[in-house]
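A.B. asks: The number in the working numbering is simply the position in the sequence shown, starting from 1, with 177 added.
Glycine residues also receive a C-beta, built at the ideal position from the N, C-alpha and C atoms.
Please read all numbers here as calculations on a predicted model, not as lab measurements.
The structure that follows is given in the form of structure tokens.
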Amino acid sequence: MFAIKHLTVGSWQAVCYALTNEEGTVVIDPGAEPDRLMRWLGDAKVIGIVLTHCHSDHIGAVNELVEHYGCWVACGADDVDGVADVHRSGFDEEGVDYTVDHVDRALDEGDTITWGGDTLRVLHTPGHTPGSICLLSQAQQVLFSGDTLFAGAIGSTAFVLGDYADMVRSCARLAQMDAALAVHPGHGRATTLRAERPMLARIARSTPRGADQSSNCREGSWW
178 MFAIKHLTVG SWQAVCYALT NEEGTVVIDP GAEPDRLMRW LGDAKVIGIV LTHCHSDHIG
238 AVNELVEHYG CWVACGADDV DGVADVHRSG FDEEGVDYTV DHVDRALDEG DTITWGGDTL
298 RVLHTPGHTP GSICLLSQAQ QVLFSGDTLF AGAIGSTAFV LGDYADMVRS CARLAQMDAA
358 LAVHPGHGRA TTLRAERPML ARIARSTPRG ADQSSNCREG SWW
């Protein structure tokens, strides 16, 4: 089983996760402050980085970590172009080098990331971006939700690549998952799927409206 630790980084307060087992560490969303991240990781054997989506506040330290650790990089297949071109993603963070030089693996629905006997399953949850993903550890009953789901909120679809109709469908899917799952989001505190189910079900019942983003505001997300 992997141990989980987290660090909040950058002006947008994105949460970076480090999942460590006997084989090494997989880092989720190293968004900014690479020097601070490397001090935090210490002597960890970082073998890979997974990006939940292509916004700069989640990818800004990737190149430095790759150079330091020689690790692989993976992200959702539909966000590969976005991590290479911040103008495509529509989300800039001042002072951050937010392009990723190389993606080694494009992740699709149902793909798995396995190391040291642990497995994360990829769930394609578009809406915030076309290639947004969540990462599920069935064995540990943990969901890393990126900017799809937060405590009491969903990710904004007001950015260039956002799509509220896709977000509604992603919320409907999450609402049907195991309520016992612990949820570790891309911003803010951890929660549980049980706590978020009423909100997810309410959004799932709404009518997808394409460019109309008003429902996001009611759920209180800034991201």
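According to DSSP, is D295 part of a helix, a strand, or is it coil?
C.D. replies: As a first step, residue 295 is located in the sequence shown; it is residue number 118 there, counting from the start. Correct three-state label for D295: strand.
A.B. asks: Kindly indicate which three-state DSSP category R382 falls into: helix, strand or coil?
C.D. replies: Indexing the sequence shown from 1 puts residue 382 at position 205. In this structure, R382 counts as coil in the three-state DSSP scheme.
A.B. asks: Pull up the distance between the alpha-carbon of Y194 and that of T384, whole angstroms please.
C.D. replies: Taking the first residue of the sequence shown as position 1, residue 194 is located at position 17. Taking the first residue of the sequence shown as position 1, residue 384 is located at position 207. Approximately 34 Å between the Cα atoms of the pair.
A.B. asks: Work out the CA separation of A251 and L228 for me, nearest whole Å.
C.D. replies: Translated into the one-based positions of the sequence shown, residue 228 becomes position 51. Translated into the one-based positions of the sequence shown, residue 251 becomes position 74. Each residue's Cα considered, the two are about 6 Å apart.
A.B. asks: According to DSSP, what are the bridge partners of C193?
C.D. replies: Counting from one through the sequence shown, the residue named residue 193 turns up at place 16. DSSP, once it has assigned bridges, lists L184 as partnering C193.
A.B. asks: With H, G and I counted as helix, E and B as strand and the rest as coil, what does DSSP make of G259?
C.D. replies: The sequence position of residue 259 within the sequence shown is 82, counting from 1. G259 falls in the helix class under three-state DSSP.
A.B. asks: Is G363 near H183, with beta carbons less than 8 Å apart?
C.D. replies: Stepping through the sequence shown from its first residue, residue 363 is reached at position 186. Stepping through the sequence shown from its first residue, residue 183 is reached at position 6. The Cβ atoms of G363 and H183 do not sit closer than 8 Å to each other.
A.B. asks: For the candidate residues Q353, T289 and R366, whose alpha-carbon lies nearest to that of R374?
C.D. replies: Walking along the sequence shown from the start, residue 374 turns up at place 197. Selected option, being the one with the closest Cα: Q353.
A.B. asks: If distances are taken between C-alpha atoms only, which option among D281, L196, P307 and A191 comes closest to Q317?
C.D. replies: As a working mapping, residue 317 is identified with position 140 in the sequence shown. Nearest C-alpha to Q317: L196.
A.B. asks: Closer than 8 Å by C-beta to S391: which residues in its own chain qualify, once you throw out the five before and the five after it? Chain order, please.
C.D. replies: On the sequence shown, position 214 is the one that residue 391 refers to. Any reading at S391 needs caution, since the residue's pLDDT is 37, under 50, leaving its predicted position unreliable; the model's value is listed next. Excluding residues within five positions, none has a Cβ falling inside 8 Å.
A.B. asks: Taking 8 Å as the threshold (C-beta atoms), are G247 and G308 in contact?
C.D. replies: In the sequence shown, counting from the first residue as 1, residue 308 sits at position 131. In the sequence shown, counting from the first residue as 1, residue 247 sits at position 70. Not a contact, by the Cβ cut-off of 8 Å.
A.B. asks: Between which two residues does the beta strand (DSSP E) containing E277 stretch?
C.D. replies: The residue you call residue 277 lines up with position 100 of the sequence shown. Per the sequence shown, residue 277 should be read as Val rather than Glu. From DSSP, V277 is part of no beta strand (DSSP E); its letter is neither H nor E.
A.B. asks: Identify, in the order they occur along the chain, each residue of the same chain with its Cβ nearer than 6 Å to the Cβ of I205, setting aside the five sequence neighbours on each side.
C.D. replies: To locate residue 205, count along the sequence shown from 1; it is residue 28. Taken in chain order, the residues that qualify are Y194, V227 and F321.
A.B. asks: Could you check the C-alpha separation between N393 and A221 for me, to the nearest Å?
C.D. replies: By one-based count along the sequence shown, residue 393 stands at place 216. By one-based count along the sequence shown, residue 221 stands at place 44. In this prediction, N393 scores a pLDDT of 44, lower than 50, which makes its location untrustworthy; the coordinate-derived value is nonetheless stated afterwards. Going from the Cα of N393 to the Cα of A221 covers about 38 Å.
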